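Enquirer: Protein chains in written order, with the numbering used here: chain A, 1 to 228; chain B, 1 to 228.
There are 2 protein chains.
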Amino acid sequence: MSKILVGRNITWHGAKITKTDRWVKNSHKSALVWITGLSASGKSTIATELEYRMFERSINTFVLDGDNVRHGLNKDLGFSAEDRNENLRRVGEVAKLLVEAGILTIAAFISPFKSDRSLIRELFQEGEFLEVYLRCDLSVCESRDPKGLYKKARRGEIEDFTGISAPYEVPDEPEIIIETDRLSVAESVDVILNVLKEKEIIYESDSRSSLLAPQFSKRMAGIAITKS
Amino acid sequence: MSKILVGRNITWHGAKITKTDRWVKNSHKSALVWITGLSASGKSTIATELEYRMFERSINTFVLDGDNVRHGLNKDLGFSAEDRNENLRRVGEVAKLLVEAGILTIAAFISPFKSDRSLIRELFQEGEFLEVYLRCDLSVCESRDPKGLYKKARRGEIEDFTGISAPYEVPDEPEIIIETDRLSVAESVDVILNVLKEKEIIYESDSRSSLLAPQFSKRMAGIAITKS
Numbered sequence: 001m002s003k004i005l006v007g008r009n010i011t012w013h014g015a016k017i018t019k020t021d022r023w024v025k026n027s028h029k030s031a032l033v034w035i036t037g038l039s040a041s042g043k044s045t046i047a048t049e050l051e052y053r054m055f056e057r058s059i060n061t062f063v064l065d066g067d068n069v070r071h072g073l074n075k076d077l078g079f080s081a082e083d084r085n086e087n088l089r090r091v092g093e094v095a096k097l098l099v100e101a102g103i104l105t106i107a108a109f110i111s112p113f114k115s116d117r118s119l120i121r122e123l124f125q126e127g128e129f130l131e132v133y134l135r136c137d138l139s140v141c142e143s144r145d146p147k148g149l150y151k152k153a154r155r156g157e158i159e160d161f162t163g164i165s166a167p168y169e170v171p172d173e174p175e176i177i178i179e180t181d182r183l184s185v186a187e188s189v190d191v192i193l194n195v196l197k198e199k200e201i202i203y204e205s206d207s208r209s210s211l212l213a214p215q216f217s218k219r220m221a222g223i224a225i226t227k228s
Numbered sequence: 001m002s003k004i005l006v007g008r009n010i011t012w013h014g015a016k017i018t019k020t021d022r023w024v025k026n027s028h029k030s031a032l033v034w035i036t037g038l039s040a041s042g043k044s045t046i047a048t049e050l051e052y053r054m055f056e057r058s059i060n061t062f063v064l065d066g067d068n069v070r071h072g073l074n075k076d077l078g079f080s081a082e083d084r085n086e087n088l089r090r091v092g093e094v095a096k097l098l099v100e101a102g103i104l105t106i107a108a109f110i111s112p113f114k115s116d117r118s119l120i121r122e123l124f125q126e127g128e129f130l131e132v133y134l135r136c137d138l139s140v141c142e143s144r145d146p147k148g149l150y151k152k153a154r155r156g157e158i159e160d161f162t163g164i165s166a167p168y169e170v171p172d173e174p175e176i177i178i179e180t181d182r183l184s185v186a187e188s189v190d191v192i193l194n195v196l197k198e199k200e201i202i203y204e205s206d207s208r209s210s211l212l213a214p215q216f217s218k219r220m221a222g223i224a225i226t227k228s
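1. What does a CB cutoff of less than 6 Å around B/I178 pick up in its chain, not counting 5 residues either side in sequence?
2. Strictly under 8 Å for the Cβ-Cβ distance: is A/D206 near chain B by that measure?
3. Would you mind stating whether B/V69 and B/A47 have Cβ atoms separated by less than 8 Å?
4. Taking the C-alpha atoms as reference points, what is the distance between B/V132 and A/N85?
5. With a threshold of 16 other CB atoms inside 10 Å of the CB of B/A101, please say whether the residue is buried or exposed.
6. Could you check whether the Cβ of B/K96 sits closer than 8 Å to any Cβ belonging to chain A?
7. Between B/E169, B/A166, B/P174, which lies nearest to B/R121 when the distance is taken from Cα to Cα?
8. Which term fits A/S80, buried or exposed, when burial requires 16 or more other beta carbons within 10 angstroms of its beta carbon?
9. Hey, A/L88 and A/D116: beta-carbon distance below 8 Å or not?
10. Taking 8 Å as the cut-off, decide whether the C-beta atoms of A/S30 and A/V99 are in contact.
11. If we count the other Cβ atoms within 10 Å of its Cβ and call it buried at 16 or more, is A/V170 buried or exposed?
12. Skipping 5 residues on each side, what residues in its chain have a beta carbon closer than 6 Å to that of A/F129?
13. For A/Y133, write down the residues that DSSP places opposite it in a beta bridge.
14. Keeping to the same chain, check which residues put their C-beta closer than 7 Å to that of B/D206; ignore five residues upstream and five downstream.
15. The segment 69-88 of chain A: which residues have C-beta closer than 7 Å to a C-beta of chain B, in chain order?
16. Give a yes or no on whether the minimum CB-CB distance between B/I158 and chain A is below 8 Å.
17. Of all Cβ atoms in chain B, is any one closer than 8 Å to the Cβ of A/T48?
18. May I ask which residues mark the beginning and end of the beta strand (DSSP E) holding A/V243?
19. Take B/K16 and list the residues in its own chain whose beta-carbon comes closer than 6 Å to its own, dropping the five residues that flank it on each side.
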């Protein structure tokens with residue numbers, strides 16, 4: 001680095017912007033909210049509503065799901081066991097970059113296996129990974145069946161369909177359990193927002209449009225890196 | 001979706017947050033600034049300084065480089081021709097997600113081949129991909145050689161080293177050319193910032209700490225989606 005600068009009268013700051021710098025600027029922390037559950041348990045619906053409710057509070061947020069990952073980054077992957085693992089591994093790594101960039105990231109994937117979910121958890125620091133298990137009776141999911149996938153699976157037209165012909169491993173210790181066969185979408189999102197507040201990832205704000213919550217700046221002052 | 005909501009008295013917004021929504025909230029647009037050039041041409045230095053200067057203006061920004069990609073998302077890839085292509089393909093797709101999330105993304109990669117760079121360009125809408133070519137004489141790069149890589153390459157200890165034993169294909173029509181053997185780091189970054197302003201991706205602001213540039217809100221009003 002120094003060699004590049006030899007003989008030059010320049011101002012170069014050299015310091016990389018850290019995740020903490022971004023938290024201070026944004027007035028909220030970043031983390032990964034990982035939503036897991038059966039097909040039709042409400043993952044996408046809750047992810048979309050959670051994103052809306054956070055955005056409304058000026059939180060930097062983004063949803064990763066099959067729609068935006070399978071058609072781009074992971075379009076080279078199929079649905080073999082190996083490719084499904086790799087699909088989730090990459091999602092975890094992308095989420096890590098987004099969290100590093102200060103984005104309160106939401107991921108909505110069936111992710112039926114404990115091993116995949118814990119590999120992703122391990123990428124994050126303590127408190128930056130929240131597993132949200134949508135507990136919904138299979139019969140309820142099957143009666144919803146918005147894309148007709150359960151019917152196809154019952155007819156044997158889809159192999160290894162979670163809950164029908166492939167297992168779903170219930171999380172042992174998820175940060176949040178939501179019974180989506182009992183709670184409304186709005187109630188479900190409230191549960192997640194409240195946990196994010198309890199964990200001081202987001203903060204109460206008098207005004208939803210306030211971009212700088214004074215109480216947050218105060219709290220964060222201790223860890224903020226001062227640059228002149 | 002409707003099936004999930006049947007019989008429930010809930011408020012559900014349903015609408016996904018769009019890139020434009022984020023632009024309005026952030027008071028700047030998002031795009032990918034792709035920095036290409038020989039090893040030691042100054043890519044990382046300029047990327048880091050550009051990030052700093054943008055962050056200082058409250059712009060949401062993030063740098064993708066070998067450091068944060070090769071050790072995570074792309075740690076399964078080696079340095080064969082095929083793996084190098086896949087490395088850059090994935091970087092392009094991740095950048096697309098970041099840009100979708102409203103982040104003014106900076107990528108710093110040698111990326112010696114036109115084909116790789118144009119595949120990435122094609123992922124983006126017109127005006128959202130800016131190719132920045134750091135033009136720096138090979139002899140200058142070689143004299144800098146901060147990591148001793150050129151020496152190793154000359155001794156034949158590194159195969160396919162760009163500029164020595166592998167080609168670098170100069171961009172035909174990059175949005176920006178910077179002669180890093182003539183300009184300082186600060187001057188180089190100024191060039192990029194000025195182009196971002198000309199292209200109305202970022203805006204002049206009276207106060208560096210102002211999070212809402214009124215002139216931007218005005219400009220964006222026409223494309224903002226109003227949600228009540």
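Note that CB positions come from ideal geometry on N, CA and C, so glycine has one too. What you are looking at is a predicted structure, and each value in this text was computed from that prediction instead of being measured.
Expert: Result, derived from the coordinates:
1. Along the second sequence, one-based indexing puts residue 178 of chain B at 178. Closer than 6 Å at Cβ, skipping near neighbours: L134, S188, V191.
2. For the purposes of this step, residue 206 of chain A is taken as residue 206 along the first sequence, with counting starting at 1. Unreliable placement is indicated for A/D206, whose pLDDT of 45 sits below 50; no coordinate value is reported for it.
3. Start at 1 with the first residue of the second sequence, and residue 69 of chain B comes out as number 69. Start at 1 with the first residue of the second sequence, and residue 47 of chain B comes out as number 47. Taking 8 Å as the Cβ cut-off, B/V69 and B/A47 do not qualify as a contacting pair.
4. Start at 1 with the first residue of the second sequence, and residue 132 of chain B comes out as number 132. Start at 1 with the first residue of the first sequence, and residue 85 of chain A comes out as number 85. Cα to Cα, B/V132 sits roughly 36 Å from A/N85.
5. On the second sequence, residue 101 of chain B is found 101 positions in, with the first residue counted as 1. The residue is buried, with at least 16 neighbouring Cβ atoms inside 10 Å.
6. Looking up residue 96 of chain B in the second sequence gives position 96. For B/K96, the answer is yes, since a Cβ of chain A falls inside 8 Å of its Cβ.
7. Position 121 of the second sequence, counted from the start, is the residue given in the question as residue 121 of chain B. For the residues B/E169, B/A166, B/P174, the minimum Cα distance to B/R121 belongs to B/P174.
8. What you label residue 80 of chain A is simply residue 80 of the first sequence in a count that begins at 1. A/S80 should be labelled exposed.
9. Along the first sequence, one-based indexing puts residue 88 of chain A at 88. Along the first sequence, one-based indexing puts residue 116 of chain A at 116. Yes, the Cβ-Cβ distance between A/L88 and A/D116 is below 8 Å.
10. Here residue 30 of chain A refers to the residue found at position 30 when the first sequence is read from its first residue. Here residue 99 of chain A refers to the residue found at position 99 when the first sequence is read from its first residue. Contact flag set, yes.
11. Start at 1 with the first residue of the first sequence, and residue 170 of chain A comes out as number 170. Counting Cβ neighbours within 10 Å, A/V170 comes out exposed, since fewer than 16 surround it.
12. As a first step, residue 129 of chain A must be located in the first sequence, where it is residue number 129. Cβ within range, chain order: L32, R121.
13. Taking the first sequence and counting its residues from 1, one reaches residue 133 of chain A at position 133. For A/Y133, which the question treats as bridged, DSSP gives the partners A/T36, A/I177.
14. Reading the second sequence from its first residue, position 206 is the one you call residue 206 of chain B. Legend: pLDDT at B/D206 = 45, less than 50; position of this residue unreliable, value from coordinates given subsequently. Cβ within range, chain order: n/a, list empty.
15. G72, L73
16. In the second sequence, the residue the question calls residue 158 of chain B occupies position 158. False, the Cβ-Cβ gap to chain A never drops below 8 Å.
17. On the first sequence, position 48 is the one that residue 48 of chain A refers to. For A/T48, the answer is yes, since a Cβ of chain B falls inside 8 Å of its Cβ.
18. The structure shown has nothing for residue 243 of chain A, since chain A only spans 1 to 228.
19. Your numbering for residue 16 of chain B matches position 16 in the second sequence. Around B/K16: no qualifying Cβ.
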